[in-house]
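Student:
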Amino acid sequence: MSCSVVAFGLAMFEFKGRATIFIIMLATLMIPGQVTMIPTYFIWKQFGMLNTYSPLIIPSFLAGAFGIFLMHQYIKSLPKELYESAVIDGCSPPGIFARIYLPLCKPALAALGVFTFMGAWNNTLGPLIYLQSKELYTLPLGILYLKSENVNQALLMAGAVITTMPVVAVYLIAQKQFVQGIASTGMKG
């Protein structure tokens, strides 16, 4: 949701440096996540959050460049007249966002939610770096360790099926909104 707030500001308000901020934000998509892992590790260490799930969960709720871009394109595809009409009616920008644009952004938010959940759920590098005790390892990391040991293949396949079930469930729940969000993002209507 924080992505939609930033995207709304970049899409609807004219201010000096808006294009520069947007380009710099898009440029961060070209930086591999592995490049930022060491500084990020030290930040989480300073907060005392190593060996907890916090470094894996908290970044999912913050505005990332991909989420901002996706929401920006969706908001730009909505008619500008909606904003202008709300201003004429005396609605404040936060009210316009909360009452008009946020409900209209549900399809894009559903698509972004599915993408974010899949990325967080399938993350294996993050748990390897931030979690030291094997008791805290996530399912994808557990399967990776099972694969490296001499283990029954049927057990490994059962673990893989169990690991994919939450992702499939989230997709099935949000399928209609997800398809609408992907189909209409970036389309000018």
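So the sequence shown is residues 1 to 189, counted in UniProt numbering. Even for Gly, the Cβ is constructed at its ideal location relative to N, Cα and C.
Name the two residues that bound the continuous alpha helix (DSSP H) containing PHE13.
Tutor: Here PHE13 belongs to no alpha helix (DSSP H), and DSSP marks it neither H nor E.
Student: Between MET1 and PHE61, what straight-line distance do the alpha-carbon atoms span, to the nearest angstrom?
Tutor: Looking at the two C-alpha atoms, the distance is approximately 8 Å.
Student: Would DSSP call VAL35 helix, strand or coil?
Tutor: In this structure, VAL35 counts as helix in the three-state DSSP scheme.
Student: Considering only the alpha carbon of each residue, which of GLY48, GLU81 and ILE173 lies closest to ALA110?
Tutor: Per the Cα distances, ILE173.
Student: Inspect the beta-carbon positions of LEU29 and ALA65 and report whether they are closer than 8 Å.
Tutor: Taking 8 Å as the Cβ cut-off, LEU29 and ALA65 qualify as a contacting pair.
Student: Would you mind giving the Cβ-Cβ distance between ILE75 and ALA160, rounded to the nearest angstrom? I have them listed as a contact below 8 Å.
Tutor: Contact doesn't hold; Cβ gap of about 38 Å is too wide.
Student: When the Cα atoms are used, what is the spatial distance from LEU156 to LEU139?
Tutor: C-alpha separation (whole angstroms): 11 Å.
Student: Which same chain residues end up closer than 8 Å to ILE143 when comparing Cβ atoms and leaving out the 5 residues on each side of it in sequence?
Tutor: Cβ within range, chain order: LEU156, GLY159, ALA160 and THR163.
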